[in-house]
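Novice: Structure in structure tokens, see below.
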Amino acid sequence: MTVVFEQSTPALRGKIAIWWVIASEVMIFGGAVGSYIMARAASPGWSAEAAHLSTFMAAINTFVLLTSSMTMAMAFASYQKGDQRGVRRFLLLTILLGLAFLGIKAYEYTSHIMEGAVPWSGSFWSFYYMLTGLHALHVLAGAIVNFILFLAAGRGLSTGYRIEIAGLYWHFVDIVWIFLFPLLYLSY
Amino acid sequence: MSNPPRVAPSPSSVAQAAHGELGFWRTYVFTTDHKTIAKQYLSLGLFMAFVGGYLAYVMRWQLAFPDTSIPGFGFVGPETYNALVTNHGTIMVFFVAMPILLGAFGNFLIPLMIGARDMAFPRLNMLSFWILAVSALLILISFFVPAGGASAGWTGYAPLSARAEYTGVNWGINLWLFAHALEFSSFLIGGVNFLTTAITMRAPGMTFSRLPLVIWQLLTASVIFLLSVGPLIAAAVMLLMDRLLGTSFFVPEGGGDPLLWEHLFWFFGHPEVYVILLPGLGAVLEVLAVFSRKPIFGYRWIIYSTLATGVLSFLVWAHHMFISGMDPRLVMPFSIATILISVPLSLIIFSMILTLWKGSIRLATPMLWALGFIAMFILGGLTGIVNGSAALDIQIHGTHFVVAHFHYTLLSVVIFGGFTGLYFWFPKMFGRMMNEPLGKLHFLLTLLFFNLTFFPMHAVGLAGMPRRIANPLQYEFLKAVQPLNVQITISAIGLIIAQLPFLINFAWSIMAGRKAESNPWEAATLEWTAPSPPPHGNWGEAIPTVYRGPYEYSPPGVREDYLPQDRALAAGSAKERR
Amino acid sequence: MFLNWLPENISTYGGEIDSLFRLIYYITLAWFIVTMGAMLGFVLLFRRRDGQRAAYITGEKLSQVAWLIVPTVLVLGLDLWIDFRGGDAWAKARLHVPPSELQVQVTGKQFNWEILYPGPDGQFGTADDLQIDNELHVAVNKVVGVTLKSKDVIHSLFLPSLRLQQNAVPGRKFHVWFQATKTGVFEIPCAELCGFGHSGMVGHLTVHTAEEYDKWAKEQWPAATGEAIPR
Amino acid sequence: MTAERVHPNYVAIWVWLVVLMVAGVLATRLPLGKSAVNSLIFAIAAVKAALVALNYMHLRSENWLIYALAIVPVLLVVAMTLVLFPDIVFHH
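Protein chains in written order, with this note's numbering: chain A, 1 to 188; chain B, 189 to 766; chain C, 767 to 997; chain D, 998 to 1089.
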């Protein structure tokens, strides 16, 4: 038994807690994605619907989210170096990239809806809106957490280990998108 | 293993303990003290138990004397009956069993038994209780919206639950789904908190192999919950979209699949049974050791069995679906796995019984409840084999036999396991002793009426009476079992009345019971080293250091018949275990 | 004492299910008596007495663990026995479907069983199909193939006397079968909550003798000749 | 506990991620069969996820408990989906 963390630090507690949260989030997204895969495998003809999506937009969004993961990791690295200005700068970048992701997503939603593709227009669209919507809510939550940390850093408070915990969550949301991108946009 | 030195309390906990005066709101309502939060869970659970019990009373009356005016309710139409069935199940499982067994016991016991001053995240702990409270409120409100409460069964099978026109209930089911979402997030946060606390905040010397079994079982229950609820959360989002946006995830006309809901529901629904069961088993194990003054027989084996039960619980969910139209080739593997789950659980039962062997047994109230639990749980487990066998399930699926079975397992865990824990830890929780004669009376009446209520249900079910029908007199072939239905109803009312001695005892003891010492049962685990009731921060200057396993009762070479986990012994005076 | 509560079995594979029930009943009854006997016996034998200490038995030594392992292995053995017997019964009732001699299609809908007979030509979807709500007529000792569908929500076709139950799921089609060995009229409750009319959603199965069945069929399809009774 | 950690080169990882992303998009243009393309793009996604988890989430330097928390739910979800396949996908 190596997991004997008697009288542990708050950093360790936070890290273990967020990993438990991620584990249960994997089950949530796993259930949703599993249902999607099964529904899609059960009935053919979804590729035609999926072709209405813009791979270009989604690729840009993927790029945005991947970059935001890097800036988040760098914010943590700055914290480790004791570079408070770096923490603020990279956190701000991460938040802006997250918002950019949501903006592009909102633009995509609008254009689908203009074309008449709404959540109840068929199984593919139901799953599309459900999966991306669930993910977008997670991005929003992560951006809010990052914003709170940014405000704390702005007032000269130490963001401390919390930045690592927020980062773990942010990277997890990124990983979810890494799978949603091919699942919804690329595969046929 | 070397014993680490005593560790000074962390600054934050000292600061907390020093906050003598927090004011009414911070002390009793928005508190971060794990013990007060445990009491909040307990009160919520007890309150909801009476709501659920009232629903059960109305249902039973309707089944015994169909379409008569029910005292205290009035006439029950078929729509109302469906709402009663649905909410009775939902309330009893999610708002009684989980808050009491996981919420109250987990919050109270985990920090006290591992030697921590509070949970790892006290404010999150408060949040998870208040989310649950809002969720319970939503369920209560859902009865009073137009068209009444949710009426698609506690399992909410789609498409009945997916379109308002099938039930005629619109906001009742929406609120019911929202309540579930909140309930799940509450226990997700709670489970993360439990696990983090137990992994990172154990007292010096408290290794995993010295943890009390109830902690092992609470933790296993939390893991099972965290890993099983996700797919159902996803499914609930989809069902809500089906209802609110008109999508067709589970509606076949739009390309959806009703069986998918059943699978995702039971992928959570079955592990949930073990989420409720394990804490109850744990409380009983603690009590058995204390009142027979013996170590638990085969401590390690119980841990292995608990973990095996946890793993197996993920492999059996489709036994709820043998006749649902699932692939018949999948049926036998699930049936075999289901029956195999009896192996680790019987090992635990054998260990419980062997713990009594050559003990020095004192039949105090908690011990009576523990023994009652073993008896009832054996019965429920054995009828589970009948249900788990796929071929027999063809006949008894969806009948009152199943109802009898899960009341013998789940309700016996809540009643017998819950009262075992409550009577046992009451002195620690409230600092006073409960009245013994009243407790024994409560036990005897409950045992009697519990069996008079649920035992005949097996027979009614074998005769073929389906669950969830509102009026058995509409069926010729059920005329023969109607006298049994009447008997069950009268006994069920008796079971509810049998809780009166408890209510009196509970209220009276909290206010005027005999003051409890810190260790009234002479138990060896850490919670009994704190004062009764423990103050904010649990221990005074320093937290205890642990030197041995939790069940050192009647060890040779010691004058008393127990050796607390935190008592340091001079080298050589008695052997130390592990 | 439970065995008498099962309704009289009138199906060919029902006997298998009933004997499986008896097997499990006796095994579990024996376990219940043994474990409860041990528990109550120990409680009586080892009550607290003054000046007597409990024995310090941790149950960790191999000789002690045997007391846990041996009964558990016994449980495992009995489990497997039940599993194998259960597998046979399941296979007989569900997997090995004999060719049907009579065909019907049962469709559940809120809150009726729509029963569709293929008519003299034995084919569904032809002009001589006949639909009767809630009345299922079959001949004794004939293998009846039932195609089960649902129009709206999940229903469950339950025939307690025939040891037959199967959910009807919208969007899917299931095939079940039975062979009744006795004549009579039996109720068909719906066993899955299906809405406010769930209670009282009940059909009737009439098992005729061969002659009576022919007579019934003639009344339904007067144009058909005697040889073309639905097969 | 966190101070002495030598962290990986975050920018290099990012470059890899972007390259893999472009590769994934281009893979759909390859003249291959449907299942070959699908396997390819999901393999690329898995590599990307592993890169993020191992480097940005520092899974590389974690102990077994965190590893288990990352892996067990994934296995569980995959197993659940596979068990459901006969029922949801292959039924007729």
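For glycine and all other residues, C-beta sits at the position ideal for the given N, C-alpha and C.
Counting only the same chain and skipping the five closest in sequence on each side, list residues whose C-beta sits under 7 Å from that of A/I175.
Specialist: Here the set comprises nothing.
Novice: Run the CB neighbour count on A/L151, radius 10 Å, all protein chains shown included, and call it buried at 16 or more, exposed below.
Specialist: A/L151 should be labelled exposed.
Novice: Quick one: what does DSSP say B/L315 is sitting in, helix, strand or coil?
Specialist: It is helical.
Novice: By how many angstroms is the C-alpha of B/I566 removed from the C-alpha of C/D845?
Specialist: Between C/D845 and B/I566, the C-alpha separation is close to 15 Å.
Novice: Tell me whether C/H941 is buried or exposed, calling it buried when 16 or more other Cβ atoms sit within 10 Å of its Cβ.
Specialist: Label assigned to C/H941: exposed.
Novice: For B/Y354, tell me which candidate among C/A934, C/F877 and C/R814 has the shortest Cα-Cα distance.
Specialist: It is C/F877 whose Cα lies nearest to the Cα of B/Y354.
Novice: Determine the chain A residues that contact B/I549 at a beta-carbon separation under 9 Å, and present them in chain order.
Specialist: Per Cβ cutoff of 9 Å: no residues; B/I549 is ~34 Å from chain A at best.
Novice: Near A/T67, which residues of its chain fall below 8 Å by C-beta distance, leaving aside the five closest residues on each side in sequence?
Specialist: Excluding residues within five positions, the ones whose Cβ falls inside 8 Å are L97.
Novice: Alpha carbon to alpha carbon, what distance is there between D/L1081 and A/V4?
Specialist: With a pLDDT of 41 at A/V4, under the threshold of 50, the modelled position of that residue is not reliable, and the figure given next carries that caveat. A/V4 and D/L1081: Cα-Cα distance of roughly 38 Å.
Novice: In whole angstroms, what separates the C-alpha of B/M429 from that of B/T435?
Specialist: Roughly 6 Å between the two C-alpha positions.
Novice: Counting only beta-carbon separations shorter than 8 Å, does B/G564 have a partner in chain C?
Specialist: Note that residue 564 of chain B corresponds to Met in the displayed sequence, not to Gly. Cβ-Cβ to chain C under 8 Å: no for B/M564.
Novice: Spatial neighbours of B/P722 within its chain, please: CB distance less than 6 Å, with the 5 preceding and 5 following residues excluded, ordered by chain position.
Specialist: None.
Novice: Are the segment 1054-1067 of chain D and the segment 403-415 of chain B in contact at 8 Å, needing three or more beta carbon pairs?
Specialist: No, because fewer than three Cβ pairs between the segment 1054-1067 of chain D and the segment 403-415 of chain B fall closer than 8 Å, the two stretches do not touch.
Novice: Could you tell me which of A/G82, A/F90, A/S121 and A/A136 sits nearest to A/Y107, measuring between CA atoms?
Specialist: The shortest C-alpha separation from A/Y107 is found at A/A136.
Novice: Within 8 Å of any Cβ in chain C, is that where the Cβ of B/D221 sits?
Specialist: No, B/D221 does not count as interfacial toward chain C.
Novice: Classify C/F924 as helix, strand or coil using the three-state DSSP reduction.
Specialist: DSSP places C/F924 in strand when its eight states are reduced to three.
Novice: Tell me, please, whether the CB atom of A/W120 is closer than 8 Å to any CB atom in chain B?
Specialist: Yes, because at least one Cβ of chain B sits closer than 8 Å to the Cβ of A/W120.
Novice: State yes or no: is the beta carbon of A/V4 nearer than 8 Å to at least one beta carbon in chain B?
Specialist: The predicted model places A/V4 with a pLDDT of 41, which falls under 50 and marks its position as unreliable; any figure quoted below should be read in that light. Chain B, which has a Cβ nearer than 8 Å to the Cβ of A/V4, makes this yes.
Novice: Considering only the beta carbon of each residue, do A/I165 and A/I22 sit closer than 8 Å?
Specialist: Taking 8 Å as the Cβ cut-off, A/I165 and A/I22 do not qualify as a contacting pair.
Novice: Per DSSP, what are the beta-bridge partners of C/C956 in this structure?
Specialist: DSSP, once it has assigned bridges, lists C/L923 as partnering C/C956.
Novice: For B/L533 and B/T497, which I take to be in contact (beta-carbon distance under 8 Å), what is that distance rounded to the nearest angstrom?
Specialist: About 6 Å separates the two Cβ atoms, so the contact holds.
Novice: If we count Cβ pairs, one from each stretch, closer than 8 Å, do we get three or more for the segment 554-564 of chain B versus the segment 608-619 of chain B?
Specialist: Flag = yes, the segment 554-564 of chain B and the segment 608-619 of chain B touch.
Novice: Output yes if chain B places a C-beta closer than 8 Å to the C-beta of C/H964; else output no.
Specialist: It does: the Cβ of C/H964 has a partner Cβ on chain B nearer than 8 Å.
Novice: On a Cα-Cα basis, can you pick out the residue from C/L923, C/G817 and C/V870 that is closest to C/V904?
Specialist: For the residues C/L923, C/G817 and C/V870, the minimum Cα distance to C/V904 belongs to C/V870.
Novice: With a cut-off of 8 Å on the beta carbons, I'd call B/L447 and B/G378 a contact; round off their distance for me.
Specialist: So it is not a contact: roughly 31 Å between Cβ atoms.
Novice: Cα-Cα, which of C/A957, C/N770 and C/H974 is closest to B/G173?
Specialist: Outside the shown range of chain B (189 to 766) lies residue 173 of chain B, about which nothing can therefore be said.
Novice: Within 10 angstroms of the Cβ of C/N770, are there 16 or more other Cβ atoms? Answer buried if so, exposed if not.
Specialist: It counts as exposed.
Novice: In the DSSP assignment, find the beta strand (DSSP E) that holds C/F944 and state where it starts and stops.
Specialist: It spans F940 to Q945 - the beta strand (DSSP E) in which C/F944 sits, taken as one unbroken run.
Novice: Counting only the same chain and skipping the five closest in sequence on each side, list residues whose C-beta sits under 6 Å from that of B/L666.
Specialist: Excluding sequence neighbours, B/L666 sits near M653 and P660.
Novice: Mark D/N1006 as exposed unless 16 or more other C-beta atoms lie within 10 angstroms of its C-beta, in which case mark it buried.
Specialist: Per the 10 Å Cβ criterion, exposed.
Novice: Under 8 Å: do the segment 267-278 of chain B and the segment 331-349 of chain B share three or more Cβ pairs, one atom per stretch?
Specialist: Touching, per the Cβ criterion.
Novice: Relative to the C-alpha of C/F924, which candidate in B/S480, B/Q583 and B/Q405 has its C-alpha closest?
Specialist: Among B/S480, B/Q583 and B/Q405, the Cα nearest to that of C/F924 belongs to B/Q583.
Novice: Smallest Cα separation from C/I920: which of C/L928, C/K908, C/V909 and C/K939?
Specialist: Nearest of C/L928, C/K908, C/V909 and C/K939 to C/I920, Cα basis: C/K939.
Novice: Rank B/P419, B/S480 and B/P440 by C-alpha distance to the C-alpha of B/L452 and give the top, closest one.
Specialist: For B/L452, the nearest C-alpha among the options comes from B/P419.
Novice: Closest to B/L365 by CA distance: which of B/A335, B/T733, B/W454 and B/S323 is it?
Specialist: Closest option to B/L365, Cα to Cα, is B/S323.
Novice: Just curious, the beta strand (DSSP E) that C/G961 is in, first and last residue?
Specialist: Premise fails: C/G961 is in no beta strand (DSSP E) and is neither H nor E.
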